[in-house]
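Asks:
There are 2 protein chains.
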Amino acid sequence: MPIVVQKYGGSSLADADRIRLVADRIQGDRERGAALVVVVSAMGDTTDHLLELAAGITDDPDPREMDVLLATGEHMSGTLVAMALHAMDVPAISLTGAQAGIRTDTSHGRARIANIDPARVHRELAAGKVVIVAGFQGATEESNVTGDVTTLGRGGSDTTAVALAAQLRAERCEIFTDVEGIFTADPRLVPDARLMPVVGYEEMLELALQGAQVMQPRAVELGWVNGIEIAVRSTFSQHPGTRIKEDRQVEQRNKVRGLATDRHVAKVTLVGVPDVPGIARRVFEPLAAAGVRVDMIVQNVSHSGATDMSFTVDRADLAKVKRLLEPIVREMDARELTTDSAIAKVSIVGAGIHNAPGYAARMFGALADQGVNIEMISTSEIRITCIIAEDDLERAARALHTAFQLEQPEEVVEASPEAAATSKMLRG
Amino acid sequence: MPIVVQKYGGSSLADADRIRLVADRIQGDRERGAALVVVVSAMGDTTDHLLELAAGITDDPDPREMDVLLATGEHMSGTLVAMALHAMDVPAISLTGAQAGIRTDTSHGRARIANIDPARVHRELAAGKVVIVAGFQGATEESNVTGDVTTLGRGGSDTTAVALAAQLRAERCEIFTDVEGIFTADPRLVPDARLMPVVGYEEMLELALQGAQVMQPRAVELGWVNGIEIAVRSTFSQHPGTRIKEDRQVEQRNKVRGLATDRHVAKVTLVGVPDVPGIARRVFEPLAAAGVRVDMIVQNVSHSGATDMSFTVDRADLAKVKRLLEPIVREMDARELTTDSAIAKVSIVGAGIHNAPGYAARMFGALADQGVNIEMISTSEIRITCIIAEDDLERAARALHTAFQLEQPEEVVEASPEAAATSKMLRG
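Top to bottom, those sequences are chains A and B. Each residue of the first sequence is one higher than the one before, starting from 2 at the first, in the numbering used here. Each residue of the second sequence is one higher than the one before, starting from 2 at the first, in the numbering used here.
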């Protein structure tokens, strides 16, 4: 029997009625002949509630204890989905991440999956059960004793689902959420945004990294490496959603596929930094050690032995960054440290971008036509990103959506049989 | 370093302030030189909240899933106590029941501890940490994979604490709760009730079985078998509380020690049951199979081939008992099944009772003086129990408390050195 891995997000499990709806879906898919492994996130606002509990005790919770606390959210939702299935006479069992064999490294709060021992999952599937797996969590490996619970970081349930799909050689992996799929832009910003039936892995990875909230970047990466086709779909409709897959037409398509926007950014500028070797390391090593993800880095041309260095970080990390860098700025005798959290990031993503030089010019032109000032620019093979004022974000996104004709439906071209065969080999 | 096991109940952990208070206590005891293992219950009303979540999904939750759901309550409180200790710079780690090595049978919802592998606890103690253990839970034994979570039934955290104290050969086991110890009667019913500095295991077991809510009977039994001295104390005061221990003076004391009262009872009567062999089995086997605990059983003398049979059950089980027995009553051609849930149980307990015949007469006399009608009577070696109308309970309890002079302080006689040595041997 083909194995299907499904993942349901927190908003799909927010209350008893939605949990029953999820159970209905699962029952339907089971009746259509699939062996189901269902990964669940914590119910609605459970995680926030748990964070509040910890905040009531301490400002600086131990990451190991925090992981045990947060992991309870997925234990709860898992048992409730199993109970809802039982109430419909569907055999089901909920497993913790540890029971599902998900072993991770010991980086509490942002652990990475090291390996998966699928023995228990296979045993329960063989017994005809729907296997519910608590997402977002695993356990460290310990001989003889039960390992410590770890969590995989925000959105980690996506990673759980894709990793299980890869390990179990699932026929497909479906990520159920509260939107119908991946759109050409955030529909709340751009009313014309269009659902994309297919996105290539690389494009999806860039979209996710640049702010598309629907999928965790690591999950996309894992799907890519293992050739797992991922469907992003709505829990609340029958729409097939977006398929994330190897997309061989992409190279020829030569087109911007979508926009990613992100308001959760802040800019840090070190003004008048002495232009000597080793400065960048002195700035970025302590940030890395503190777990701060630095995104774009721009350094201006040096004038009279000093330079300005700007970079962006997650807005939530800004206070920490200031605390860490202020003594360093003093030590290295830079002029000052300035920050700006009223900025946003807008990116165009498309696998064809690096083949055709006109995209950057068209992007900058469209922004200029709207009077949007560009503060920083960064590019990758398949992406161009601009930092702009947060107040300009909506205007910028709509202008770019129109400039690159993203509202126009694209032809869906299925991969050729040869391409499909290649993809199978990669998976196997 | 001597190991001390402490258990804190849900009301002692109801909010952040109380959790900090508990952490203060723990820090104080640690500074006085104890290696501490701290067993926690779920915070305040967490368990009720989890039961509600399940009730929103199904009337008949799977016991295995229910255990996973309920066990999250103690995971949460354990992490919060650990975080509170960290905030005070006290090294601490929270362990789940499974991580603490507590292995149980597979009776979900009322599992019994099969054995304890203390390796992890010893390792963490050796590292100088306070070890917080999630009470009320264990895991089934599985080779290689993580076992399934089980729970030990209501009040199971007491059992966790006493079992750990026995396994770790702890110097003492302290049960912290919201009352100052074990009283001669429920102080809400009998204002004169007096705290008992010492209670023997057997007496405490009878008191707990007959309705004293402070300790779980199984925990008392386990303490008795292993010779673990248990202190029942208040989290919110420095009062030494009640010590539950081998009490060699008891035999000579020859006195009623305390009253137990219980409103959570209901009476079931089978009227006109044919007096033929095998009837009792037909009634009680299905109840046992359904997990119903039958307490007192009384069968009247037979008249013209038929008899009346009465027994008491937990009031919460009454609906289930009726559902189970109605078809059986019809099959066995009994006249009718009647039930009464407006009853209560009052017991006098004292290790000397069986040596002196006057107690029953004095008990019945005191109740008669108050006009309290006795509906059923049962006795053990150290206890006499009467079933009375619930409305009479307060009056009956006060009358008995006075009749047996329980308000008068008793002499505390320490066990002789020989008795202490015997007790040590039993423990070893």
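Where is the CB? At the ideal position from N, CA and C, for every residue including glycine.
What residues of chain B sit near Ser95 of chain A, judged by a beta carbon separation below 8 Å?
Replies: Indexing the first sequence from 1 puts residue 95 of chain A at position 94. Result: Glu66, Val69.
Asks: Whole-angstrom Cβ separation of Arg264 of chain B and Glu391 of chain B, contact assumed at under 8 Å?
Replies: Residue numbering aside, residue 264 of chain B sits at position 263 when the second sequence is read from its first letter. Residue numbering aside, residue 391 of chain B sits at position 390 when the second sequence is read from its first letter. About 6 Å separates the two Cβ atoms, so the contact holds.
Asks: At which residues does the beta strand (DSSP E) containing Gly259 of chain A begin and terminate?
Replies: Taking the first residue of the first sequence as position 1, residue 259 of chain A is located at position 258. Its beta strand (DSSP E) spans residues 259-263.
Asks: Does Ile20 of chain A come within less than 8 Å of chain B when only Cβ atoms are used?
Replies: Locating residue 20 of chain A in the first sequence gives position 19, where the first residue counts as 1. So, interface residue.
Asks: Under a Cβ-count criterion, where at least 16 other Cβ atoms within 10 Å of its own Cβ denotes burial, should Gly74 of chain B be classed as buried or exposed?
Replies: Indexing the second sequence from 1 puts residue 74 of chain B at position 73. Looking at its Cβ environment, which holds 16 or more other Cβ atoms inside 10 Å, Gly74 of chain B is buried.
Asks: Once you ignore the five residues that flank Gly273 of chain A on each side, which residues in its own chain have a CB closer than 6 Å to its CB?
Replies: Sequence index remark: in the first sequence, residue 273 of chain A carries index 272 (1-based). Here the set comprises Ala307, Ala335, Arg336.
Asks: With DSSP as the reference, please indicate the residues paired to Arg1 of chain B in a beta bridge.
Replies: Residue 1 of chain B is absent from the model: chain B starts at 2 and stops at 429.
Asks: For Asp46 of chain A and Thr97 of chain A, what's the separation of their Cα atoms in angstroms?
Replies: Stepping through the first sequence from its first residue, residue 46 of chain A is reached at position 45. Stepping through the first sequence from its first residue, residue 97 of chain A is reached at position 96. Spanning the two alpha carbons is a distance of roughly 20 Å.
Asks: Does the structure place the segment 59-76 of chain A close enough to the segment 108-122 of chain A that three or more beta carbon pairs sit under 8 Å?
Replies: The segment 108-122 of chain A vs the segment 59-76 of chain A: in contact.
Asks: To be precise: take each residue of the segment 97-120 of chain A, compare its Cβ to all Cβ atoms of chain B, and keep it if any distance is under 8 Å. Which residues remain?
Replies: Cβ contacts with chain B come from Thr97, Ala99, Gln100, Gly102, Asp118, Ala120.
Asks: Roughly how many whole angstroms lie between the Cα atoms of Leu368 of chain A and Ser381 of chain A?
Replies: Translated into positions along the first sequence, residue 368 of chain A becomes position 367. Translated into positions along the first sequence, residue 381 of chain A becomes position 380. If you take the alpha carbons of Leu368 of chain A and Ser381 of chain A, they lie about 19 Å apart.
Asks: State the beta-bridge partners of Asp341 of chain B as determined by DSSP.
Replies: Residue 341 of chain B sits at position 340 when you count from the first residue of the second sequence. In DSSP, Asp341 of chain B forms a bridge with B:Lys268.
Asks: Is the beta carbon of Ala101 of chain B less than 8 Å from the beta carbon of Ala24 of chain B?
Replies: For the purposes of this step, residue 101 of chain B is taken as the residue at position 100 of the second sequence. For the purposes of this step, residue 24 of chain B is taken as the residue at position 23 of the second sequence. No.
Asks: Counting only the same chain and skipping the five closest in sequence on each side, list residues whose C-beta sits under 6 Å from that of Ile129 of chain B.
Replies: Here residue 129 of chain B refers to the residue found at position 128 of the second sequence. At residue 129 of chain B the sequence reads Gly, which differs from the Ile that was named. Cβ neighbours of Gly129 of chain B beyond the five flanking positions: Pro92.
Asks: Could one say the Cβ of His87 of chain A lies closer than 8 Å to chain C's Cβ atoms, at least one of them?
Replies: Note that chain C does not occur in the displayed structure, where the protein chains are A and B.
Asks: Using three-state DSSP, classify Ile20 of chain B as helix, strand or coil.
Replies: Position 19 of the second sequence, counted from the first residue, corresponds to residue 20 of chain B. Ile20 of chain B: helix per DSSP, three-state reduction.
Asks: Check each candidate in B:Thr185, B:Ala127, B:Ile117, B:Arg124 and name the one with the smallest Cα separation from Ala140 of chain B.
Replies: Stepping through the second sequence from its first residue, residue 140 of chain B is reached at position 139. That would be B:Ile117, whose Cα lies nearest to the Cα of Ala140 of chain B.
Asks: Quick one, are the C-beta atoms of Glu247 of chain B and Gly201 of chain B less than 8 Å apart?
Replies: Position 246 of the second sequence, counted from the first residue, corresponds to residue 247 of chain B. Position 200 of the second sequence, counted from the first residue, corresponds to residue 201 of chain B. For Glu247 of chain B and Gly201 of chain B, yes; Cβs fall inside 8 Å.
Asks: What separation, rounded to the nearest whole angstrom, lies between the Cα atoms of Asp159 of chain A and Ile176 of chain A?
Replies: Translated into positions along the first sequence, residue 159 of chain A becomes position 158. Translated into positions along the first sequence, residue 176 of chain A becomes position 175. Cα to Cα, the separation comes out at about 7 Å.
Asks: Name, going along the chain, the residues of the segment 157-189 of chain B whose beta-carbon falls closer than 8 Å to a beta-carbon of chain A.
Replies: Within the segment 157-189 of chain B, no residue qualifies.
Asks: Of all the options A:Gln300, A:Ala115, A:Arg124, A:Val6, which has the alpha carbon lying nearest to the alpha carbon of Gln138 of chain A?
Replies: Locating residue 138 of chain A in the first sequence gives position 137, where the first residue counts as 1. Per the Cα distances, A:Ala115.
Asks: Nearest to Ala232 of chain B by alpha carbon, out of B:Met77, B:Leu271, B:Val180, B:Lys268?
Replies: Position 231 of the second sequence, counted from the first residue, corresponds to residue 232 of chain B. Closest by alpha carbon: B:Val180.
Asks: Does the Cβ of Val277 of chain B have 16 or more other Cβ atoms within 10 Å, making it buried, or fewer, making it exposed?
Replies: Position 276 of the second sequence holds residue 277 of chain B. Flag for Val277 of chain B reads exposed.
Asks: Look at Ile329 of chain A and Val373 of chain A and say whether their C-beta atoms are less than 8 Å apart.
Replies: Against the first sequence, residue 329 of chain A aligns to sequence position 328. Against the first sequence, residue 373 of chain A aligns to sequence position 372. Not in contact: Ile329 of chain A and Val373 of chain A (Cβ atoms no closer than 8 Å).
Asks: Quick check on Thr403 of chain A: buried or exposed, where buried means 16 or more other Cβ atoms within 10 Å of its Cβ?
Replies: Counted from its first residue, the first sequence places residue 403 of chain A at position 402. Exposed: under 16 other Cβ atoms inside 10 Å.
Asks: Below 7 Å on C-beta distance, what does Ile1 of chain B contact in chain A?
Replies: Only positions 2 to 429 of chain B appear in this structure, which leaves residue 1 of chain B out of reach.
Asks: So if I threshold CB-CB distances at 7 Å, which residues from the segment 33-58 of chain B count as touching chain A?
Replies: Those residues of the segment 33-58 of chain B that come within reach of chain A (Cβ to Cβ, closer than 7 Å) are Leu54, Ala55, Gly57, Ile58.
Asks: Would you call the CB atoms of Val134 of chain A and Val40 of chain A closer than 8 Å?
Replies: Position 133 of the first sequence, counted from the first residue, corresponds to residue 134 of chain A. Position 39 of the first sequence, counted from the first residue, corresponds to residue 40 of chain A. Result yes, Cβ atoms of Val134 of chain A and Val40 of chain A sit closer than 8 Å.
Asks: Using only CA atoms, which one of B:Val150, B:Asp149, B:Leu169, B:Thr178 lies nearest to Gly156 of chain B?
Replies: Stepping through the second sequence from its first residue, residue 156 of chain B is reached at position 155. For Gly156 of chain B, the nearest C-alpha among the options comes from B:Thr178.
Asks: With a threshold of 8 Å between beta carbons, is Asp25 of chain A in contact with chain B?
Replies: Along the first sequence, one-based indexing puts residue 25 of chain A at 24. Not closer than 8 Å to any Cβ of chain B, the Cβ of Asp25 of chain A fails to qualify, so no.
Asks: Phe312 of chain A by DSSP, collapsed to three states: which one?
Replies: Numbered from its first residue, the first sequence carries residue 312 of chain A at position 311. Phe312 of chain A: strand per DSSP, three-state reduction.
Asks: The beta strand (DSSP E) spanning Gly201 of chain B covers which residue range?
Replies: By 1-based counting over the second sequence, the position of residue 201 of chain B is 200. From DSSP, the beta strand (DSSP E) with Gly201 of chain B extends over 199-201.
Asks: Among the candidates A:Arg324, A:Trp225, A:Ser348, A:Ala352, whose CA atom is the shortest distance from the CA of Ala167 of chain A?
Replies: Translated into positions along the first sequence, residue 167 of chain A becomes position 166. Closest by alpha carbon: A:Trp225.
Asks: Tell me which residues share the same chain as Ala83 of chain A and place their Cβ nearer than 7 Å to its Cβ, disregarding the 5 neighbours each side in the sequence.
Replies: Your numbering for residue 83 of chain A matches position 82 in the first sequence. So the list reads Ala93, Ile94, Ser95, Ile133, once near-sequence residues are dropped.
Asks: Would a check of beta-carbon distances place His76 of chain A closer than 8 Å to chain B?
Replies: Mapped onto the first sequence, residue 76 of chain A falls at position 75. Yes, His76 of chain A counts as interfacial toward chain B.
Asks: Exposed or buried, what is Asp68 of chain A when buried is set at 16 or more other beta-carbons lying within 10 Å of its beta-carbon?
Replies: Residue 68 of chain A sits at position 67 when you count from the first residue of the first sequence. Flag for Asp68 of chain A reads buried.
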